[in-house]
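So the protein lines, in turn, are chains Z and W. Residue 1 is where the first sequence starts when you use this note's numbering, and the numbers rise one by one after that. Residue 529 is where the second sequence starts when you use this note's numbering, and the numbers rise one by one after that. Where is the CB? At the ideal position from N, CA and C, for every residue including glycine. Keep in mind it's a predicted model, so treat the numbers as computed, not measured. Notes follow once the structure below has been shown.
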Amino acid sequence: MSNLTDKNYLNCEKGLWSWLTTLDHKRIGVMYLISIVIFATLGAVFSLLLRYELFSAGKDFLTALQYNKVMTYHGAIMTFMVLVPGIPAVLGNILLPLQIGAKDVAFPRLNLLSWYCLMAGALIAMISLFTTGVDTGWTFYAPYSIGSAQSGTVFVVLGAFVMGLASILTGLNFIATIHQLRAKGMTFMKMPLFVWGLYATSIIQIVATPVVGITLLLLVAERLLGVGIFDPKLGGDPILFQHFFWFYSHPVVYLMVLPGMGVISEVVSTFSKKVIFGYKAIVYASVAIAGVGFLVWGHHMFVSGQSDWAGVLFSFITMFVGIPTAVKIFNWMTTLYKGSIEFRTPLLFALGFLFVFAIGGLTGLFLATLSTDMHFHDTYFVVSHFHYTMVGGAVMATFAGLFYWWPKICGRMYHELSGQIGFAFVFIGFNVTFFPQFILGAMGMPRRYFDYLPEFEHLHAVSTVGSTIVNIGMVIVFVTLYRAWKNGEVAGDNPWGGTTLEWQTTSPPPHENFTKEMEVSGGPYDRP
Amino acid sequence: MTAHKHAHHFKDADHEFSASKMGVWLFLCTEIVMFGVLFVAYFLYHHQYPATFAEGATFLDWRMGALNTVVLLLSSFTMAISIHFCQKNDSKKAVLNLALTLVLAAVFMVVKYLEYSHKFHLGLYPGQFFSYQGAESANLALYFSFYFLMTGLHGLHILIGMGVITWVLIRARRGDFNSKYYTPVEGVGLFWHVIDLIWIFLFPLLYLVG
Chain Z
1 MSNLTDKNYL NCEKGLWSWL TTLDHKRIGV MYLISIVIFA TLGAVFSLLL
51 RYELFSAGKD FLTALQYNKV MTYHGAIMTF MVLVPGIPAV LGNILLPLQI
101 GAKDVAFPRL NLLSWYCLMA GALIAMISLF TTGVDTGWTF YAPYSIGSAQ
151 SGTVFVVLGA FVMGLASILT GLNFIATIHQ LRAKGMTFMK MPLFVWGLYA
201 TSIIQIVATP VVGITLLLLV AERLLGVGIF DPKLGGDPIL FQHFFWFYSH
251 PVVYLMVLPG MGVISEVVST FSKKVIFGYK AIVYASVAIA GVGFLVWGHH
301 MFVSGQSDWA GVLFSFITMF VGIPTAVKIF NWMTTLYKGS IEFRTPLLFA
351 LGFLFVFAIG GLTGLFLATL STDMHFHDTY FVVSHFHYTM VGGAVMATFA
401 GLFYWWPKIC GRMYHELSGQ IGFAFVFIGF NVTFFPQFIL GAMGMPRRYF
451 DYLPEFEHLH AVSTVGSTIV NIGMVIVFVT LYRAWKNGEV AGDNPWGGTT
501 LEWQTTSPPP HENFTKEMEV SGGPYDRP
Chain W
529 MTAHKHAHHF KDADHEFSAS KMGVWLFLCT EIVMFGVLFV AYFLYHHQYP
579 ATFAEGATFL DWRMGALNTV VLLLSSFTMA ISIHFCQKND SKKAVLNLAL
629 TLVLAAVFMV VKYLEYSHKF HLGLYPGQFF SYQGAESANL ALYFSFYFLM
679 TGLHGLHILI GMGVITWVLI RARRGDFNSK YYTPVEGVGL FWHVIDLIWI
729 FLFPLLYLVG
């Protein structure tokens with residue numbers, strides 16, 4: 001049983017400077033957490049502005065141009081500054097070395113550098129707020145982004161490029177760490193599934209991010225020099241921008257969800273007190289999702305004028321993603337089956353994940369089907385679909401992970417009832433916000449519009465109420481976590497009876513993670 | 529001579545070496561993917577505007593390109609040799625070869641500078657500054673956008689390479705490297721070879737393929 005006054009990674013050095021120069025992966029993870037919570041708050045404020053403008057038909061307090069800018073910032077912040085770094089950089093940083101029994105990641109300095117890259121990128125992007133801003137949407141589609149009169153575009157695009165560097169460095173670091181620093185006896189097939197999720201994620205970061213990086217640089221060159229590669233006036237092809245953009249941005253949604261799925265595997269196994277069902281199937285499914293994810297980008301472009309054959313092929317391959325995803329969902333459900341289930345906050349979030357992600361995944365099939373996509377394309381159906389996967393999926397999984405590992409991260413236990421109330425608000429609020437948007441989309445409400453026809457008003461109002469509930473839930477969640485950190489009860493080293501290596505060290509862990517060399521013989525979820 | 533101590537989270541120096549090398553390789557993968565995007569765009573537009581690309585190539589002097597190809601190949605050789613001498617504990621020769629690599633890189637940049645100024649002289653500027661009047665095919669500016677973007681990004685990498693070569697050169701002079709520890713030289717060497725390799729593709733595609 002640990003004593004919180006013992007030396008651990010949080011108290012071994014003091015002062016802000018010791019944090020800003022730290023090479024300890026756990027501290028870097030905590031710094032990522034704090035910065036991402038700040039970014040997410042900003043993104044949430046923008047989303048509330050959108051929702052309240054849309055509460056009733058007609059112009060309320062934003063002009064159409066202001067609405068477009070708010071929408072762009074909401075999307076760009078949530079994508080590049082919250083979801084992409086989210087689980088890998090926070091939970092991955094803190095837990096990857098602990099779960100494989102290593103003292104740190106392979107390149108601690110690079111790890112710190114990647115945090116500074118994220119900060120620098122965020123700063124560059126935020127400079128745009130002091131210009132006329134940016135109104136392109138987070139996708140920066142050419143040729144509009146080339147010609148848009150809003151001068152903030154270059155800053156946001158450059159910022160996204162620099163944040164891409166952060167993402168690449170994290171991925172590179174994790175792959176090297178996983179290959180080189182596993183504890184003695186931990187073969188690849190004995191790694192915890194969260195580590196596998198991170199491994200698949202890192203591959204995407206390494207292969208896909210450079211593509212968007214150079215594409216964003218080309219866009220900057222387009223605006224500053226007029227190079228013409230994406231500009232039809234000069235012989236270029238704006239559709240090529242979409243191809244390059246989605247070659248990154250489709251895999252990137254798996255980048256957001258794969259580590260989340262890893263979290264769910266850990267949580268489901270621990271709280272049903274059972275070995276995970278179908279370990280190997282989940283491993284292969286993770287790798288398959290990462291791999292197939294590279295071959296489906298064209299489903300964002302069914303109506304862009306790409307060839308019919310390309311459409312058919314992309315549609316077919318996209319359907320294929322459903323298989324490994326379903327394999328995972330069935331495995332988690334089978335793990336729960338006849339388990340001795342303990343309904344604690346992490347498991348509630350994991351079950352919430354299963355519910356919303358199933359809806360998000362199944363509605364993806366509507367959009368992968370060519371004929372139905374013609375109807376749903378660029379409507380609220382799409383908006384709702386990707387919020388169900390990215391917010392419902394990635395955010396629910398992040399919260400599951402944060403509550404699950406919080407006792408390990410700070411050594412203290414959160415207040416169970418407030419955690420559960422937070423879950424209730426998030427889960428109910430989320431569904432109230434986004435389920436009506438499926439209906440709106442099916443009725444023909446186009447996305448990105450600042451106004452709408454009167455018949456859409458009721459559902460928009462419901463959605464706005466939901467967005468308020470979900471944000472109250474977020475506040476409850478973070479207050480709960482903050483209060484636990486400040487004066488929660490001492491948690492002990494292994495409050496959940498977890499089987500993976502991070503539970504075998506003290507809470508919070510010492511600077512070097514373990515006091516002895518770790519050695520592994522059985523599987524990660526074997527129970528004595 | 530200061531002995532290098534491996535970082536606390538590695539078992540020993542070999543362990544650190546293999547991890548570092550893997551890190552460099554992964555980084556180089558991202559470089560290759562990044563340039564790969566430009567090559568893909570190049571092929572698409574080459575296919576779309578064959579006459580434009582043929583005309584554009586006539587403005588480039590293949591002899592200059594060939595000279596630079598030889599220069600870079602030589603520099604790859606001197607780079608490799610300097611690693612060899614680090615492994616043999618011969619710091620002096622390692623430093624000499626690193627210096628030679630730097631000189632060759634500088635020669636490359638000088639030739640590039642001459643080529644660029646020739647283009648600018650003709651008004652073959654990148655993008656909207658393109659002011660050449662005698663173009664026979666449509667969108668000749670697009671060809672030169674590719675030329676300047678691809679060789680410009682490559683030139684930037686040469687400059688970065690010169691920076692990191694200078695860094696290992698200073699460390700080699702200080703006697704930091706020996707047969708047990710030469711990781712930075714190895715990493716810089718790998719980077720340099722990949723930059724050369726990219727040029728090996730740029731040269732024929734821009735200068736020779738009409």
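Short CB-CB distance (under 8 Å) between residue i and chain W
| i | result |
| --- | --- |
| residue 2/Z | Confidence at residue 2/Z is low in this model, with a pLDDT of 45, below 50, so its placement is unreliable and the value that follows should be read with caution. No - not a single Cβ of chain W is within 8 Å of the one on residue 2/Z. |
| residue 244/Z | yes |
| residue 255/Z | no |
| residue 527/Z | no |
| residue 535/Z | As displayed, chain Z neither begins before 1 nor continues past 528, which places residue 535/Z out of reach and without an answer. |
| residue 179/Z | yes |
| residue 24/Z | no |
| residue 103/Z | yes |
| residue 240/Z | yes |
| residue 211/Z | yes |
| residue 96/Z | no |
| residue 139/Z | no |
Any chain Z beta carbon closer than 8 Å to residue i
| i | result |
| --- | --- |
| residue 689/W | no |
| residue 529/W | Residue confidence is low: residue 529/W scores 44 on pLDDT, short of 50, so the model does not pin down where it sits. No coordinate-derived value is stated. |
| residue 556/W | no |
| residue 562/W | yes |
| residue 516/W | With chain W running from 529 to 738 in the structure shown, residue 516/W is simply not present. |
| residue 565/W | yes |
| residue 645/W | no |
| residue 712/W | no |
| residue 584/W | no |
Residue i vs residue j beta-carbon contact at 8 Å
| i | j | result |
| --- | --- | --- |
| residue 388/Z | residue 441/Z | no |
| residue 356/Z | residue 367/Z | no |
| residue 573/W | residue 733/W | no |
| residue 144/Z | residue 241/Z | no |
| residue 465/Z | residue 426/Z | no |
| residue 106/Z | residue 176/Z | yes |
| residue 88/Z | residue 215/Z | no |
| residue 686/W | residue 633/W | yes |
| residue 299/Z | residue 315/Z | yes |
| residue 430/Z | residue 477/Z | no |
| residue 403/Z | residue 393/Z | no |
| residue 42/Z | residue 77/Z | yes |
| residue 622/W | residue 610/W | yes |
| residue 718/W | residue 556/W | yes |
| residue 35/Z | residue 118/Z | yes |
| residue 305/Z | residue 264/Z | no |
Among the options, nearest to residue i - alpha-carbon criterion
| i | options | result |
| --- | --- | --- |
| residue 228/Z | 666/W, 638/W and 634/W | 666/W |
| residue 112/Z | 275/Z, 364/Z, 472/Z and 23/Z | 23/Z |
| residue 171/Z | 553/W, 602/W, 705/W and 697/W | 553/W |
| residue 134/Z | 123/Z, 69/Z and 86/Z | 69/Z |
| residue 735/W | 624/W, 564/W and 592/W | 592/W |
| residue 296/Z | 275/Z, 318/Z and 307/Z | 318/Z |
First through last residue of the alpha helix (DSSP H) which encompasses residue i
| i | result |
| --- | --- |
| residue 229/Z | Here residue 229/Z belongs to no alpha helix (DSSP H), and DSSP marks it neither H nor E. |
| residue 329/Z | 308-336 |
| residue 570/W | 541-576 |
| residue 129/Z | Looking at the DSSP string, residue 129/Z is not in any alpha helix (DSSP H), and its letter there is neither H nor E. |
| residue 35/Z | 25-54 |
| residue 148/Z | Looking at the DSSP string, residue 148/Z is not in any alpha helix (DSSP H), and its letter there is neither H nor E. |
| residue 701/W | 668-701 |
| residue 350/Z | 345-368 |
| residue 483/Z | 457-487 |
| residue 552/Z | Here chain Z covers residues 1 to 528 and nothing more, so residue 552/Z does not appear. |
Assumed close pair residue i, residue j - CB separation to whole angstroms, cut-off 8 Å
| i | j | result |
| --- | --- | --- |
| residue 206/Z | residue 178/Z | With a Cβ gap of about 12 Å, residue 206/Z and residue 178/Z do not count as contacting. |
| residue 484/Z | residue 414/Z | 4 Å |
| residue 450/Z | residue 64/Z | 5 Å |
Contact test: residue i Cβ vs the ligand FMN heavy atom, cutoff 7 Å
| i | result |
| --- | --- |
| residue 284/Z | The model on display carries no ligand, and the ligand FMN is accordingly not part of it. |
Chain C within 8 Å of residue i, Cβ atoms only
| i | result |
| --- | --- |
| residue 592/W | Here the protein chains are Z and W, and chain C is not one of them. |
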